[in-house]
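In my numbering, each number is its position in the sequence shown, counted from 1, plus 12.
So the structure is just underneath, and the comments pick up after that.
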Amino acid sequence: MPVGSDGSPDIASNLTAMNSVSPDFPPLAPFGISRVGDLTDLDIIGIPVWFAVRPNSRCLAVSQGKGLNHERARLTAIMEAIEGAVAEQTRPLIAEFGTPAELAKRKLLAVPLRSLVRCHFSEFDPRRPRAWVRGVSHESNRAVYAPYELVGLDMRDDFPWDYETFHVSSDGLGAGFDYASAALSALLELIERDGTTLSDGLGHLKGLSRPLIWQPGVHLGLDEAVTKVRNAGLEPHFFNKAGKIGVPIVSAMIVRPVCDKDGAGVRFSGGDACRFDAAEAALAALLEAVQSRLTNISGSRDDLDISQYENLDLALPSMPDRGETLGQLAARHTLPTNFSPSEALNFLVSQLAKAGYREVFFFDLPCPVEGVHVVRALVPGFRTFVENDVTALRLEDLIGAEFS
């Protein structure tokens, strides 16, 4: 089993088996990837960030990846691109076509649309025929069907997708070299999105973003990343976002200078991560923050707009001299880290059931290369922030937030 930078078992590495992959695998051409490149030296931090390009993409054409070494950063960029390449397919994904009533006549079970956050159920027209993707309920192993818009990632304007009813998003997509690894990656991302919904929508208010004090010696890889950020003259800020599910969720923030018509200012580049181990979550969040900062510096991603370079005069909660440390958070979440991917997936689903989320659906998407898997996860009742969508936040989302 791969180990983390501190010598302890590393579930994140185990999930994707990235440490043992040939540099020639996965192949690029079957996924439409035309170029992979290194962005690292465009910034002053020095943590490796790479990109992968798919010119004929139906969603984002440029994907990024990050890691403590260049091999990892390159591979994560490729895997991110593969997620989009597989999920944007249409015919290979669609298993049924018809209205919900027609599915019921065929004795086919549809996912509970009313409980899925990316479905605006008030806009749903039950008389409209739809394309449906086949998945499974993890608990019962029974086949279920979800509208393409909740599973696929084809964002072309001239296709008959129902954008009024559904928010098409990559949230809950995971890639890996076996089904369980990809499914676990997808589910961890959904838990992360659920845990950060309030702060994404309301800002970093006290109680929503609970400051977390980094301390050296807890995780060598995290120490290495923090040192590089500090040597660049930047100070990383960490926040505990864990909620009622009982799995560590950590956010990381670093500043990014901007200059608009009103003069110079700063914006924050952030990252979030959910892992079984709090230190692994902090490391993954910081790496994502570094990647986010470099993505804005490079300007290469096709969903960037001018507003992301404006000075918004935002502020983070003040960081206390004393408070919860990373080690204390890790001690409160002593989850097993020596699971196989399948065992880890089953454990995580059981944690969700204890928190009241008894249904978890997975969609194993057809992939053109053997040994590569892309999985979409859907969890009824989970929340995720959708910009300009007031329905994305509800009072019950406060339940489980660990207010200080």
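Glycine included, C-beta positions come from ideal geometry on N, C-alpha and C.
Note that the structure is predicted; figures quoted are calculated from it, not measured.
Taking the Cα positions, residue 99 is about 27 Å away from residue 292. Within the stretch 34 to 103, complete beta strand (DSSP E) segments of at least 3 residues are found at 47 to 50, 61 to 65, 74 to 78, given in chain order. A Cβ-Cβ distance of about 4 Å is found for the pair residue 107 and residue 146, placing them in contact under the 8 Å criterion. Inter-segment contact for the stretch 353 to 369 and the stretch 158 to 170 is absent: fewer than three beta-carbon pairs are separated by less than 8 Å.
A distance below 6 Å between beta-carbons, with the five flanking residues on each side excluded, links residue 355 to no residue of its chain. Straight through space, the alpha carbons of residue 228 and residue 337 are spaced by roughly 10 Å. Contact between residue 234 and residue 262 is ruled out by a C-beta separation of about 10 Å, above the 8 Å threshold. For residue 344, the uninterrupted alpha helix (DSSP H) segment begins and ends at 338 to 344. Here the stretch 108 to 128 does not lie against the stretch 79 to 95, with fewer than 3 beta-carbon pairs under 8 Å apart.
Following the DSSP letters along the chain, one finds residue 359 in no beta strand (DSSP E) but inside the alpha helix (DSSP H) bounded by residues 353 to 366. Collapsing the DSSP output to three states places residue 112 in a helix. With contact defined as three or more Cβ pairs closer than 8 Å, the stretch 48 to 68 and the stretch 289 to 308 are in contact. For residue 275, the closest C-alpha among the options 314, 236, 297, 322 is that of 322. Under the three-state reduction of DSSP, residue 120 is assigned to coil, being neither helix nor strand. Take the alpha-carbon of residue 115 and the one of residue 150: they are about 21 Å apart. If you draw a 10 Å sphere on the C-beta of residue 78, you find 16 or more other C-beta atoms in it, and that means buried. Ranked by Cα distance from residue 313, the first of 42, 66, 39, 56 is 66. Leaving aside the five residues that flank residue 269 on each side, the residues in its chain whose CB is nearer than 6 Å to its CB run, in chain order, 278. The DSSP-derived three-state label of residue 162 is helix.
Apart from the 5 residues on each side of it in sequence, residue 342 sits with its Cβ closer than 8 Å to the Cβ of 230, 260, 289, 290, 291 in its chain, given in chain order.
Annotated three-state conformation of residue 277 is strand, per DSSP.
In this structure, residue 381 sits away from residue 141, with a CB-CB distance that is not shorter than 8 Å. Secondary structure at residue 381: coil, using DSSP grouped into helix, strand and coil. For residue 379, the closest alpha carbon among the candidates 40, 129, 297, 82 is that of 40. Looking at 396, 254, 273, the one whose alpha-carbon comes closest to that of residue 345 is 254. A Cβ-Cβ separation of about 7 Å places residue 160 in contact with residue 105 under the 8 Å criterion. In the DSSP annotation of this structure, the continuous segment of the alpha helix (DSSP H) that includes residue 241 starts and ends at 232 to 243.
Contact check for residue 360 against residue 162 fails: the beta carbons are separated by 8 Å or more. Buried is the label assigned to residue 351, since at least 16 other Cβ atoms lie within 10 Å of its Cβ. If the five residues before and after residue 347 are omitted, its C-beta is found closer than 6 Å to the C-beta atoms of 288, all from its own chain and listed in chain order. Spatial neighbours of residue 237 in its own chain (CB-CB distance under 7 Å, excluding positions within 5 residues in sequence) are listed in chain order as 59, 80, 295, 298, 299. Nearest neighbour of residue 271 by Cα position, chosen from 319, 248, 180, 183, turns out to be 319.
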